Amino acid sequence: MKTRNLLTAAALGALSVVTLAETASAQNLFAPAAKVNDSVVTNYELRQRITFLRLLRQPGDIEAEALKGLVDDRLRAEASTRAGITVSDTQIEAGMEEFASRAQLSREQFLAAIAQEGVAEETFRDFVSSGIAWRELIGGRYAPRVQITEAEIDRALALASGSGGVRVLLSEIIIPAPPEAIDQARAEALRISRSVSSQAGFAAQARAVSASQSRGRGGRIDWLPIGNLPPAIRSQILALSPGDITAPIEVPNAIALFMLRAVEETDAAETEVVSVEYARYFIPGGRTEAALNQAAKVINTVDSCDDLYGVNLGQDASRLQRDTLAIADVPDDIALEVARLDDNEISTNLTVQTEAGPQLTVLMLCGRVNAIVEDTSREEVRGQLRQQRLGSYADSLLAELRADATITYE
């Protein structure tokens, strides 16, 4: 009897330990990963969003993008609620159906596919609902302001047809934004975008705060073919008139602002870039004098990306990386540099942080692949430009919401 009692007590003790562990795990799942004003983003939501983005093959830092997306969703939801916007079940189901159709699946098939990977229907539903409410808010607030001129349509058609080209003259401000200083950088970028209204004012801010090598020129950079720019930035630039400034654009470890100084149509045929091939050779030391001197020697030695293999001969193979990526998948900091380069030209503006310390990046453009031109009607172009303009307004509003919010990360 005593033995049986001891076994029973031991079993109950073990069960208690398991139950406590499971309870602690469950409590940790619903602990906050971030707080956005009066709202909470839980660890469970974060894990769900990470898994969902992986299933969608989202490029970049999935964990960081998932948390940023959830925080932004909270900000969008607050703004939509203040505006009195509600989304019906019918709208959500239609939105889920449309999203699933992009993968050539029905809503039920899509839900079954993500469920197999542990993503709950509510995660997908919340993702779609947030997007619908935000689009209604942006459309209701800004659509009356969006007027697309015939000249803008002519310019866009010239770019798409390849019969002519469009190039832009920009100024830039690149504000350093390491993870520990991202909120301050966002606030600084928003302050500049709200307060600066002239080229002289933008140039003064560039000299004061920009980390780009163009800061000595007041942020001014040379003419760029618009098709060279990454899509997210191109859409903002196309929505500007000369003298306008983009909303803050977040790139790895920095926030960028651009002012459009001029736009010009050219006779040279030009099409949209769909992919780029580039090579990176890493030099230890970051932006030290020794590393910059070594980079200068590399630049004087090579004429093409293939020559970099000779430079790296006998060294760690990881010091040289060569990639061919769709333009939408190129990290924004690299895409911005590549946009300024012709084939076989080199930039040394970037550094990367590794376990061994900072590395100076010798970035060389190997080549570009342009889109196949298709016939597009003027009304289709008008609709595309309208969406780009609304997207620019949406980015600006979200940047303001971030700057005004109280956001803490656990």
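All the letters of the sequence shown, read from the start, carry residue numbers -26 to -1, 1 to 384 under mature numbering (1 follows the signal peptide of the UniProt record, and there is no 0).
Virtual Cβ for every residue (Gly too), placed ideally from N, Cα, C.
No experiment lies behind these values; they were computed from the predicted model shown.
* To do: Kindly indicate which three-state DSSP category residue 248 falls into: helix, strand or coil?
  => strand
* **For residue 101, the first and last residue of its enclosing alpha helix (DSSP H)** => 95 to 116
* Asked: Going by beta carbon distance, what residues of the same chain come within less than 7 angstroms of residue 272, once the five residues before and after it are set aside?
  -> 255, 285 and 336
* Are the region 185 to 203 and the region 139 to 150 touching, with three or more C-beta to C-beta distances below 8 angstroms? -> yes
* Residues near residue 298 in its chain [Cβ-Cβ closer than 6 angstroms; skip 5 each side] -> 251
* Where does residue 190 sit, in a helix, a strand or coil, going by DSSP? -> helix
* Asked: Which residue from 380, 86, 374 and 123 puts its Cα closest to that of residue 215?
  -> 123
* How is the beta strand (DSSP E) around residue 228 delimited, first residue to last? -> 228 to 240
* Counting only runs of 4+ residues fully inside the region 152 to 206, write out the alpha helix (DSSP H) ranges in chain order. => 156 to 169 and 173 to 183
* **Close beta carbons around residue 282, own chain, < 7 angstroms, minus the five adjacent residues each side** => 253, 255, 276, 294 and 338
* Where residue 19 falls, given that 16 or more other Cβ within 10 Å makes a residue buried -> buried
* Element boundaries [alpha helix (DSSP H), containing residue 366] -> If you look at residue 366, you'll find it in the alpha helix (DSSP H) that goes 352 to 378.
* Asked: Can you tell me where the alpha helix (DSSP H) with residue 29 in it begins and where it stops?
  -> 17 to 29
* **Where residue 61 sits in the DSSP three-state scheme** => Assigned with DSSP and collapsed to three states, residue 61 falls in coil, not helix or strand.
* **Boundaries of the alpha helix (DSSP H) in which residue 322 is found, first to last residue** => Note, residue 322: premise wrong, no alpha helix (DSSP H); not H, not E.
* By the 10 Å Cβ neighbour count, where 16 or more other Cβ atoms means buried, how is residue 278 classified, buried or exposed? -> With fewer than 16 other CB atoms across the displayed protein chains lying within 10 angstroms of its CB, residue 278 is exposed.
* Asked: Whose C-alpha, out of 87, 58 and 67, is nearest the C-alpha of residue 28?
  -> 87
* Nearest-angstrom Cβ-Cβ length linking residue 227 and residue 118, presumed shorter than 8 angstroms -> No, residue 227 and residue 118 are not in contact; Cβ-Cβ is about 38 angstroms, not under 8 angstroms.
* Any idea what DSSP makes of residue 123, helix, strand or coil? -> coil
* Asked: So residue 382 is in the beta strand (DSSP E); what residue range does that whole segment cover?
  -> Start and end: 381 to 383.
* When the Cα of residue 68 is compared with those of 167, 99 and 331, which residue comes out closest? -> The residue among 167, 99 and 331 with its C-alpha nearest the C-alpha of residue 68 is 99.
* **Unbroken beta strand (DSSP E) run spanning residue 223, endpoints** => Element bounds for residue 223: 223 to 225.
* To do: Grab the span of the alpha helix (DSSP H) containing residue 275 for me, first residue to last.
  => In the DSSP assignment, residue 275 falls within the unbroken alpha helix (DSSP H) covering 263 to 275.
* Okay, do the region 103 to 112 and the region 156 to 170 touch, 3+ Cβ pairs below 8 angstroms being the bar? -> no
* Just curious, the beta strand (DSSP E) that residue 8 is in, first and last residue? -> Judged by DSSP secondary structure, residue 8 falls within the beta strand (DSSP E) whose first and last residues are 6 to 10.
* Start-to-end residues for the beta strand (DSSP E) that takes in residue 299 -> Per DSSP, the continuous beta strand (DSSP E) segment holding residue 299 begins and ends at 294 to 300.
* Which residues in the same chain as residue 366 place their Cβ atom closer than 6 angstroms to its Cβ, once the five residues preceding and following it in sequence are excluded? -> These residues qualify, in order along the chain: 210 and 213.
* Check residue 314 in the structure and name its three-state DSSP category. => For residue 314, the secondary structure class from DSSP, reduced to helix, strand or coil, is coil.
* Report yes if the C-beta distance between residue 170 and residue 179 is below 8 angstroms; otherwise report no. => Contact: yes.
* Are the CB atoms of residue 372 and residue 233 nearer to each other than 8 angstroms? -> no
* Identify the residues that DSSP records as bridge partners of residue 283: which are they? -> Per DSSP, none; premise fails for residue 283.
* Can you name the residues that DSSP bridges to residue 342? -> 250
* Using three-state DSSP, classify residue 220 as helix, strand or coil. => coil
* Can you give the beta carbon distance from residue 258 to residue 358, rounded, assuming they're within the 8 angstroms contact cut? -> The Cβ separation is near 45 angstroms, so there is no contact.
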